[in-house]
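**Q**
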Amino acid sequence: MAQLDGDCKGYFLMGENPAVGSANTRLQRLGMANLDWLVVRDFSLIESATWWKDGPEIETGELRTEDIGTEVFFFPAAAHTEKSGSFTNTNRWVQWHHQAVEPEGDARSDLWFMYHLGRRIKEELAGSTDPMDRPVLDLVWDYPVDGELDEPAADAVLAEISGHGPGGDPLSAYTELKDDGSTRCGCWIYCGVYADGVNQAARKKPEWEQDWVAAEWAWAWPANRRILYNRASAAPDGTPWSERKKYVWWDPGQGRWTGRDVPDFVPDRAPDFEPDEDATGPDALRGDDPFIMQADGKGWLYTPAGLEDGPLPTHYEPQDSPFPNALHPSTPRNPVRHLMPREGNRYHPSGDEKGAEVFPYVVTTHRLTEHFTAGGMSRWSEYLSELQPEFFCEVSPALARERGLENGGWATIVTARNAVEARVLVTDRIRPLRVEGRAVHQIGLPFHWGPNGVARGDAANELMAIALDPNAHIQEDKALTADIRAGRRPRGPDLPKLVAEYRSRAGITPDTGTEVRK
Amino acid sequence: MSEERVGFFTDTSVCIGCKACEVACKEWNAIPEDGLSLTAMSYDNTQALGASTWRHVAFIEQPRPEGRTELPLAQGESTAQETPVGGDGELRWLMSSDVCKHCTHAACLDVCPTGSLFRTEFGTVVVQEDICNGCGYCVPACPYGVIEQRPHDGRAFKCTMCYDRLGAGREPACAKACPTESIQFGPLDELRERAALRVDQLHEAGVTDARLYGHDPDDGVGGDGAFFLLLDRPEVYGLPPDPVVTTRDLPAMWQHAGTAALSLLGGLAACFALTGRGRR
Chain R
1158 MAQLDGDCKG YFLMGENPAV GSANTRLQRL GMANLDWLVV RDFSLIESAT WWKDGPEIET
1218 GELRTEDIGT EVFFFPAAAH TEKSGSFTNT NRWVQWHHQA VEPEGDARSD LWFMYHLGRR
1278 IKEELAGSTD PMDRPVLDLV WDYPVDGELD EPAADAVLAE ISGHGPGGDP LSAYTELKDD
1338 GSTRCGCWIY CGVYADGVNQ AARKKPEWEQ DWVAAEWAWA WPANRRILYN RASAAPDGTP
1398 WSERKKYVWW DPGQGRWTGR DVPDFVPDRA PDFEPDEDAT GPDALRGDDP FIMQADGKGW
1458 LYTPAGLEDG PLPTHYEPQD SPFPNALHPS TPRNPVRHLM PREGNRYHPS GDEKGAEVFP
1518 YVVTTHRLTE HFTAGGMSRW SEYLSELQPE FFCEVSPALA RERGLENGGW ATIVTARNAV
1578 EARVLVTDRI RPLRVEGRAV HQIGLPFHWG PNGVARGDAA NELMAIALDP NAHIQEDKAL
1638 TADIRAGRRP RGPDLPKLVA EYRSRAGITP DTGTEVRK
Chain C
18 MSEERVGFFT DTSVCIGCKA CEVACKEWNA IPEDGLSLTA MSYDNTQALG ASTWRHVAFI
78 EQPRPEGRTE LPLAQGESTA QETPVGGDGE LRWLMSSDVC KHCTHAACLD VCPTGSLFRT
138 EFGTVVVQED ICNGCGYCVP ACPYGVIEQR PHDGRAFKCT MCYDRLGAGR EPACAKACPT
198 ESIQFGPLDE LRERAALRVD QLHEAGVTDA RLYGHDPDDG VGGDGAFFLL LDRPEVYGLP
258 PDPVVTTRDL PAMWQHAGTA ALSLLGGLAA CFALTGRGRR
């Protein structure tokens, strides 16, 4: 949005393909067309790198290459086998991988790019007296480089993030960090990943040489703790809830918490500890308050602070929904949802509103095993592409009958934002939703495709509106409404014309779907 | 056979349809891409085994034998249930990774005139691309339709059970890549024992349709080196229910041909003998 408004001038895309993977891909491209510069680092010429010459808006005539002011730079990126670095999974494990081969051709790692870019900027600014340049000139940027390509040592960056004490010794835990400037650390949760000067993330001790917690396989943030709030695995009195599942418990002999994992608790705070009346902060937590990151140490269902909505979980309908909200009839959608109403990002009439019948079906997007997110790593692989070669929509036999769709044929799916075409897969797996006594058909759309690569197709995210959740700003692209019709979509200027015709038929205005309450 | 006979046991009851076996096979054996077309047959865009497809994961959508209970979601559900809008009952997805069966009695090997197809020291059947002359006799000989000639090349290709990897003491690429151990590799005798236990286990768990396919040394091909645990009849997976080595009748045919030839020769000799006597 800041790009469309002209406030955002430059954009680095590193392993990301918003022209396919982000909601309302048309607006994403129009945003990129309004930049001064765009840097794309990827394995292949993904859609976000070529929209200015062969993107959908060039075809419809909405953009002309010679009118686009954005300077686009493409840099081939090194793959994970061509560089050292870490993967962090959703279990918080930081797992190190070692470079196996040198990158081919001009391909370089992201680390190489960022380091040498920083180095060149510093060289460019050297001798400047402009106070604005001072922070960059004063920045320490001295990573050791290695090999013919001058690849920065990823290991050294990890050591810096992990942190150092006053004498330059590696820190082993975030509890050693001081707020007096004597310690240095890139990010507290990773403090200790380079404890004892050893890359703890690179540990690969096999499972048969350690217990089932596998604390010596890689490293987990924070503090190599494998399960958070693990004090809760023991009863309030500090004994395990279950002997078979015992995990962390209080050792009265030693006066410490102990167990299979690193205890997530003040190490010597006894289970029966009661804080003083005037204690504050972590000191005010009792010995049976396991949720130490919460102010009161308790698990929260009622959330009085920290969320834009709440304090209790509830149900809201999606931004575009065929149904009213049975739970909150007056407030069908989250009243604090983040909307961006503007030309090209219009919302649908929902529930019993007039015009909702123009988009009578539910669309949900999903993934396939054979492709990875926006396809940059899979749609250029012949072996993966031949397994899922084309964009398709999944519909039930009943919807196929209702709209004259043929298995293997083409269908066009339309929203107020855009229209896409997909091959039709008629399957009993897709079943109509029955809500409030009414049956509504669903359309399943895998979102991986775009016009470039070995396996090509329209991008499902062309159909999405940008509507974000108020807390984490996650785009809402798993539930919306649409129409479906047999046959391929129009080409050229006829495509936006079709979408405009739908908007007008549904009576869509800038205010449609933007209300807080009915 | 200098080594123990090895094989595949593909337990389809744990296959998740990820197709990692197909990709690993193609990567290891450097097999070309062979078609970028959507079949619109569930998630199966591979369709069949062939010259450039040595593992094929079948996806079969079918009504579930015993339906799950559907929970009523809202009022009016009962009427909605009486007039269902879409497919009735629950559905299940059968997934199965098919491969060359490495038959005990392999017809492809019997008919190969060049010796390109041979029985390895591991008891597997391998076709050598530097010897194959592209005659194509093996293609109709295979009772499973596995081996095929590559277009624009003519030579026949099929699964080698990663002969090069076996030689180096490694398991085949597909088995290595399989994340659920649906594809198990090992000594055939061991695999057969393990498979029998697995079938019993499934039967006890109420999966009465579980059955083995290709495990029996007394079947029409003398048992497969690659056998399967299926959850329905073989035909459902596109497998022949009662495969027979196509060269089974060859000895009898030669015998008949021999008898015929002998009769013919005898007849001719008799003719000559008779006419000769007449001339005198």
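These protein sequences, in sequence, are chains R and C. Sequential numbering from 1158 applies to the first sequence in the numbering used here. Sequential numbering from 18 applies to the second sequence in the numbering used here. Virtual Cβ for every residue (Gly too), placed ideally from N, Cα, C.
1) Suppose you measure from the CA of phenylalanine 1604 of chain R to the CA of alanine 1452 of chain R; what does that come to, to the nearest Å?
2) Which whole-angstrom value describes the C-beta separation of cysteine 155 of chain C and valine 128 of chain C, a residue pair presumed to lie in contact below a C-beta threshold of 8 Å?
3) Since alanine 1579 of chain R and alanine 1568 of chain R are thought to touch, with beta carbons under 8 Å apart, how far apart are those beta carbons, to the nearest angstrom?
4) Can you tell which of R:Trp1250, R:Asn1248, R:His1237, R:Thr1247 has the C-alpha that lies nearest to the C-alpha of alanine 1257 of chain R?
5) Pick out whichever of R:Trp1407, R:Asp1585, R:Gly1532, R:Ile1278 has its Cα sitting closest to the Cα of phenylalanine 1430 of chain R.
6) At a Cβ threshold of 8 Å, is lysine 43 of chain C touching chain R?
7) Please list, in chain order, the chain R residues whose beta carbon lies closer than 8 Å to that of threonine 63 of chain C.
8) Label aspartate 1401 of chain R either buried or exposed according to how many other C-beta atoms from any shown protein chain fall within 10 Å of its C-beta, with 16 as the threshold for buried.
9) Taking Cβ positions only, does glycine 104 of chain C come closer than 8 Å to chain R?
10) By the DSSP assignment, the beta strand (DSSP E) with serine 114 of chain C in it spans what residues?
11) Report the neighbours of alanine 190 of chain C on chain R: residues whose CB is nearer than 9 Å to its CB, in chain order.
12) By the 10 Å Cβ neighbour count, where 16 or more other Cβ atoms means buried, how is threonine 1460 of chain R classified, buried or exposed?
13) Kindly indicate which three-state DSSP category tyrosine 1300 of chain R falls into: helix, strand or coil?
14) Nearest chain C C-beta to leucine 1484 of chain R closer than 8 Å, yes or no?
15) Taking all protein chains shown into account, do 16 or more other C-beta atoms lie within 10 angstroms of the C-beta of valine 1297 of chain R, making it buried, or fewer, making it exposed?
16) Considering leucine 1602 of chain R, what are the terminal residues of the alpha helix (DSSP H) in which it resides?
17) If you follow the alpha helix (DSSP H) that glutamate 1280 of chain R is in, where does it begin and where does it stop?
18) Do alanine 1639 of chain R and glutamate 1547 of chain R come within 8 Å of each other at the CB atom, strictly closer than that value?
19) Using a C-beta cutoff of 8 Å, does valine 298 of chain C count as contacting chain R?
20) What ranges does the alpha helix (DSSP H) occupy inside the stretch 197-266 of chain C, keeping only unbroken runs of at least 4 residues that lie completely in it?
21) Using a 10 Å radius around the Cβ and a threshold of 16 neighbouring Cβ atoms, would you call threonine 197 of chain C buried or exposed?
22) Is there a Cβ from chain R that is less than 8 Å from the Cβ of aspartate 115 of chain C?
23) Can you check whether the CB of alanine 274 of chain C is closer than 8 Å to the CB of cysteine 38 of chain C?
24) My parser needs the beta strand (DSSP E) runs of 3 or more residues fully inside the stretch 128-170 of chain C; what are they?
25) Taking DSSP's pairing of strands, which residues face lysine 1361 of chain R in a bridge?
26) Contact criterion: CB-CB distance below 8 Å. Does leucine 66 of chain C meet it with respect to chain R?
27) Using 8 Å as the threshold, is the C-beta distance between aspartate 1418 of chain R and alanine 1372 of chain R below it?
28) Which of the three DSSP states is assigned to methionine 1171 of chain R in this structure?
29) Just how far apart, CA to CA, sit isoleucine 33 of chain C and isoleucine 1384 of chain R?
30) Between which two residues does the beta strand (DSSP E) carrying leucine 1582 of chain R extend?
31) Once DSSP output is grouped into helix, strand and coil, what is the label at glycine 1354 of chain R?
32) Listing by chain order, which chain R residues have their CB less than 8 Å from the CB of lysine 36 of chain C?
33) Excluding the 5 residues preceding and the 5 following arginine 209 of chain C in the sequence, name in chain order all residues of the same chain whose CB lies nearer than 7 Å to its CB.
34) So what's aspartate 28 of chain C in DSSP terms, helix, strand or just coil?
35) Kindly provide the ranges of any beta strand (DSSP E) runs that are 3 or more residues long and lie completely inside the stretch 1473-1538 of chain R, ordered along the chain.
36) Using the three-state DSSP reduction, which class does cysteine 1348 of chain R fall into: helix, strand or coil?
**A** So, from the data block:
1) 41 Å
2) 6 Å
3) Going by Cβ atoms, the distance from alanine 1579 of chain R to alanine 1568 of chain R rounds to 6 Å, so yes, they are a contact pair.
4) R:His1237
5) R:Trp1407
6) yes
7) Glu1543, Leu1544
8) For the sequence presented, residue 1401 of chain R should be read as arginine rather than aspartate. Classification of arginine 1401 of chain R: exposed, given that the 10 Å Cβ count is below 16.
9) Any reading at glycine 104 of chain C is ruled out, since the residue's pLDDT is 45, under 50, leaving its predicted position unreliable.
10) 108-116
11) Within chain R, no residue comes near alanine 190 of chain C; the closest Cβ sits about 12 Å away, beyond 9 Å.
12) exposed
13) coil
14) no
15) With fewer than 16 other beta carbons inside 10 angstroms of its own, valine 1297 of chain R counts as exposed.
16) Note, leucine 1602 of chain R: premise wrong, no alpha helix (DSSP H); beta strand (DSSP E) at 1599-1603.
17) 1267-1282
18) no
19) Chain C is shown only over 18 to 297; residue 298 of chain C falls outside these bounds and no answer can be derived.
20) Within the stretch 197-266 of chain C, the complete alpha helix (DSSP H) runs of at least 4 residues are 205-221.
21) exposed
22) So, not an interface residue.
23) Contact: no.
24) 134-136, 142-144
25) R:Trp1374
26) No, no contact with chain R.
27) Closer than 8 Å, so yes.
28) strand
29) Straight-line Cα distance between these residues: approximately 28 Å.
30) DSSP places leucine 1582 of chain R in the uninterrupted beta strand (DSSP E) bounded by 1576-1583.
31) helix
32) Thr1526, Glu1527, Leu1544
33) His232
34) For aspartate 28 of chain C, the secondary structure class from DSSP, reduced to helix, strand or coil, is strand.
35) 1518-1523
36) In this structure, cysteine 1348 of chain R counts as coil in the three-state DSSP scheme.
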